[in-house]
Amino acid sequence: MDAADLERLTEAKVELSKLLTMEDLADVPFLVLGNKIDAEGALSEEEFREAMGLWQTTGKAEVHLTERIRPIEVFMWYVYFSRLFTVDLC
Ligand SMILES: Nc1nc2c(ncn2[C@@H]2O[C@H](COP(=O)(O)OP(=O)(O)OP(=O)(O)O)[C@@H](O)[C@H]2O)c(=O)[nH]1
Ligand SMILES: [Mg+2]
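Position 74 of the sequence shown, counting from 1, maps to 88 under this note's numbering, and the rest follow consecutively.
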């Protein structure tokens, strides 16, 4: 999600909400990337979480969920990180 496109934050939140409530995706973990944090005016993680209504997430480190909760976490990102890290989604 574009963390620097302030005009479309509401649209982004609506689309995310649709995905989060889709029955077919109920068991799918969500990794929400707030992209373009290098761009002028980009939101901080706190501001991005506020804008997306993502206060309660399941943790950035390795987590072992005891209840049947869908893993969801926010990471702030920009394209240069792609050269530095690989993201292990499994
Ligand atoms: N500054 C910056 N630019 C990026 C990053 N990632 C992608 N871009 C650039 O962003 C542009 C694509 O994003 P947008 O212009 O928002 O286009 P889009 O999201 O495909 O289309 P829209 O739905 O119209 O916003 C390309 O020029 C990319 O090079 C990033 O992390 N930082
Ligand atoms: Mg865009």
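Every residue, glycine too, gets a C-beta built ideally from N, C-alpha and C.
Cutoff 6 Å; reference residue i; Cβ partners in own chain excluding five residues on either side
| i | result |
| --- | --- |
| Pro85 | Pro43 and Thr72 |
| Ala53 | Ala18 |
Length of the line joining the Cα atoms of residue i and residue j
| i | j | result |
| --- | --- | --- |
| Phe89 | Leu30 | 15 Å |
| Thr35 | Trp91 | 24 Å |
| His78 | Asp38 | 23 Å |
| Gln70 | Asp41 | 17 Å |
| Arg97 | Ala75 | 21 Å |
| Lys32 | Ser58 | 24 Å |
| Glu25 | Thr80 | 33 Å |
8 Å Cβ cutoff met for residue i and residue j
| i | j | result |
| --- | --- | --- |
| Met15 | Gly55 | no |
Opening and closing residue of the alpha helix (DSSP H) in which residue i lies
| i | result |
| --- | --- |
| Leu30 | Leu23 to Leu34 |
| Leu68 | No alpha helix (DSSP H) holds Leu68; DSSP gives it neither H nor E. |
Contact set for residue i: own chain, Cβ-Cβ below 7 Å, skip 5 residues either direction
| i | result |
| --- | --- |
| Ile51 | Ala17, Met90, Trp91 and Tyr92 |
| Gly67 | Lys27 |
Beta bridge counterpart(s) of residue i as assigned by DSSP
| i | result |
| --- | --- |
| Leu39 | In the DSSP output, where bridge partners are listed per residue, Leu39 has none listed. |
| Gly55 | Answer is none; Gly55 lacks a bridge partner. |
Element boundaries [beta strand (DSSP E), containing residue i]
| i | result |
| --- | --- |
| Leu12 | The question about residue 12 has no answer, for the chain in this structure spans 15 to 104. |
| Phe89 | Ile86 to Met90 |
8 Å Cβ shell around residue i - same chain, five flanking residues per side excluded
| i | result |
| --- | --- |
| Arg22 | Asp16 |
| Ile83 | Thr72 |
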